[in-house]
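Undergrad: Numbers given in this note's numbering equal positions in the sequence shown, counted from 1, plus 70. Even for Gly, the Cβ is constructed at its ideal location relative to N, Cα and C. Every value quoted in this text rests on a predicted model; they were computed, and no experiment measured them. My questions will all concern the structure given below.
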Amino acid sequence: MAQRFSEDLKRRILEANNLLDVVQGAVGKLVRAGRNYKACCPFHNEKTPSFNVNAEGQYFKCFGCGKGGNVITFVMLYERVEFPEALRILADRAGIQVEYDPRAAEQYKKETDFKSYLYRLNDVAAKYYREQLFADSGKVAREYLKKRGLSEEICEQFRIGYAPSGDGLVSRLTSQKAPLRALLAAGLASQRENGATRDFFFNRLMFPISNMEGRVIAFGARILGDGEPKYLNTRDTLLFSKTQTVYGMDFARDEVKKQNKAIIVEGYTDV
Ligand code: ZN
71 MAQRFSEDLK RRILEANNLL DVVQGAVGKL VRAGRNYKAC CPFHNEKTPS FNVNAEGQYF
131 KCFGCGKGGN VITFVMLYER VEFPEALRIL ADRAGIQVEY DPRAAEQYKK ETDFKSYLYR
191 LNDVAAKYYR EQLFADSGKV AREYLKKRGL SEEICEQFRI GYAPSGDGLV SRLTSQKAPL
251 RALLAAGLAS QRENGATRDF FFNRLMFPIS NMEGRVIAFG ARILGDGEPK YLNTRDTLLF
311 SKTQTVYGMD FARDEVKKQN KAIIVEGYTD V
């Protein structure tokens with residue numbers, strides 16, 4: 071991220087945000103225990119409090135899961151954000167004006183605007199593939215799903231769709247004035263040698279891949295019938311990194327956190 075915080079600003083933000091207040095604002099009132107304050111840990115599932123806040127030293131420590139740190143660490147963990155975003159949240163909370171380097175801020179805005187545009191494109195694509203599943207040409211995909219025993223509810227929940235042959239998605243998006251540059255950047259289109267743009271996915275069953283917030287960032291696609299490769303993923307884009315994404319985690323994350331365990335399986339339909 072292109073934001074920069076000076077040391078002085080960091081110090082002011084730390085001074086203006088009392089850890090105990092921030093924690094109590096997030097998890098409710100803490101119970102005093104000697105020099106510390108105690109609560110059930112917000113980062114792991116427990117019945118007896120092992121989450122301690124030391125108000126004097128302005129640090130917290132959980133003796134259950136080991137998490138600890140200062141008020142910035144707490145916000146990063148609790149809000150699941152990166153360091154700069156945690157600082158921004160705390161600055162807002164304390165009414166501190168954050169001054170950005172104007173050039174960095176402009177660049178940052180450009181990048182975020184483009185990213186949110188890519189999110190939108192992926193969402194339109196997921197809707198398009200979903201719609202195609204119920205079109206005449208989607209019959210082969212519907213039959214496959216039935217054979218695999220995937221109920222309609224599951225298919226709806228996971229937004230499973232179908233990419234027919236042809237360049238329907240690119241036509242639709244360009245008719246909606248989406249720039250080709252963005253289609254290519256989202257990994258939804260690819261370029262023929264003669265420069266023409268075509269759908270990246272065709273004749274495939276489509277599994278939208280979402281981030282932790284449930285926004286579609288990529289697709290996993292299984293061929294229907296013969297052909298290679300059997301599975302094709304969106305290549306890495308601004309939104310998607312294959313090695314850092316676990317399919318289905320948007321649905322599983324709360325339960326994984328609660329039970330403190332996860333079962334990892336190999337395929338999309340196994341999930
Ligand atoms: Zn804990």
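Tell me whether Gly134 counts as near the ligand ZN, meaning its Cβ is closer than 6 Å to at least one heavy atom of that ligand.
TA: Yes, since a heavy atom of the ligand ZN falls inside the 6 Å radius drawn around the Cβ of Gly134.
Undergrad: I believe Leu302 touches Phe321 by the beta-carbon criterion, under 8 Å. Please report the beta-carbon distance rounded to the nearest angstrom.
TA: That belief does not hold up - the Cβ atoms of Leu302 and Phe321 are roughly 23 Å apart, past 8 Å.
Undergrad: From the DSSP output, in three-state form, read off Tyr338 for me.
TA: Coil.
Undergrad: Select from Gly165, Ser311, Glu283 the residue whose C-alpha is nearest the C-alpha of Phe289.
TA: The option with the nearest alpha carbon to Phe289 is Ser311.
Undergrad: Between Phe310 and the ligand ZN, is the CB less than 6 Å from at least one heavy atom?
TA: Flag unset: Cβ of Phe310 not near the ligand ZN.
Undergrad: Round the Cβ separation of Ala161 and Val151 to the nearest angstrom and send it over; I've been treating them as touching at under 8 Å.
TA: The pair is not a contact, with the Cβ atoms about 13 Å apart (cut-off 8 Å).
Undergrad: Could you pull out every residue in the same chain whose Cβ sits closer than 8 Å to the Cβ of Glu149, ignoring the five residues on either side in sequence?
TA: Taken in chain order, the residues that qualify are Glu155, Ala156, Ile159.
Undergrad: Return the CA-CA distance between Ile287 and Pro119, expressed in angstroms with no decimal places.
TA: Rounded to the nearest angstrom, the two C-alpha atoms are 38 Å apart.
Undergrad: Specify the secondary structure class of Asn192 as computed by DSSP and reduced to three states.
TA: Asn192 falls in the helix class under three-state DSSP.
Undergrad: What separation, rounded to the nearest whole angstrom, lies between the Cα atoms of Ala254 and Gly238?
TA: Looking at the sequence provided, one finds Leu at residue 254 rather than Ala. In a straight line, the C-alpha of Leu254 is about 15 Å away from that of Gly238.
Undergrad: For Gln94, name the three-state secondary structure that DSSP assigns.
TA: Reduced to three states, the DSSP call for Gln94 is helix.
Undergrad: At the level of alpha carbons, what is the spacing between Ala103 and Thr143?
TA: If you take the alpha carbons of Ala103 and Thr143, they lie about 22 Å apart.
Undergrad: For the ligand ZN, I want to know if Cys225 counts as a neighbour, meaning its beta carbon is within less than 6 Å of at least one of the ligand's heavy atoms.
TA: The answer is no for Cys225.
Undergrad: Just list the residues that DSSP pairs Phe289 with in beta bridges.
TA: In the DSSP output, where bridge partners are listed per residue, Phe289 has Pro278.
Undergrad: Under a Cβ-count criterion, where at least 16 other Cβ atoms within 10 Å of its own Cβ denotes burial, should Ile333 be classed as buried or exposed?
TA: Per the 10 Å Cβ criterion, exposed.
Undergrad: Which runs of the alpha helix (DSSP H) spanning at least 4 residues fall entirely within the stretch 107–157, listed in chain order?
TA: With a minimum length of 4 residues, the continuous alpha helix (DSSP H) runs that stay inside the stretch 107–157 are 141–149.
Undergrad: Could you tell me whether the stretch 226–235 touches the stretch 202–214, where touching means 3 or more Cβ pairs closer than 8 Å?
TA: They touch, by the three-pair rule.
Undergrad: With H, G and I counted as helix, E and B as strand and the rest as coil, what does DSSP make of Arg102?
TA: Three-state DSSP puts Arg102 in a strand.
Undergrad: Between the stretch 105–114 and the stretch 122–129, are three or more C-beta pairs nearer than 8 Å?
TA: Contact between the stretch 105–114 and the stretch 122–129 is present, because at least three Cβ pairs lie under 8 Å.
Undergrad: Which word fits Gly251, buried or exposed, when buried means at least 16 other C-beta atoms lie within 10 angstroms of its C-beta?
TA: Reading off the sequence, residue 251 comes out as Arg, not Gly. Per the 10 Å Cβ criterion, exposed.
Undergrad: For Ser241, which of Phe75, Arg229, Ala259 has the nearest alpha-carbon?
TA: The option with the nearest alpha carbon to Ser241 is Ala259.
Undergrad: According to DSSP, what are the bridge partners of Tyr232?
TA: In DSSP, Tyr232 forms a bridge with Leu275.
Undergrad: Given Lys300, which residues of its chain have a CB within under 7 Å of its CB, disregarding the five upstream and five downstream residues?
TA: Same-chain partners within the cutoff: Arg292, Ile293.
Undergrad: Please report the residue range of the alpha helix (DSSP H) in which Leu258 lies.
TA: Taken as a continuous stretch (DSSP letters only), Leu258 belongs to no alpha helix (DSSP H), as it is neither H nor E.
Undergrad: If you drop the 5 nearest sequence neighbours on each side, which residues of the same chain put their C-beta closer than 7 Å to that of Glu77?
TA: So no residue of the chain qualifies.
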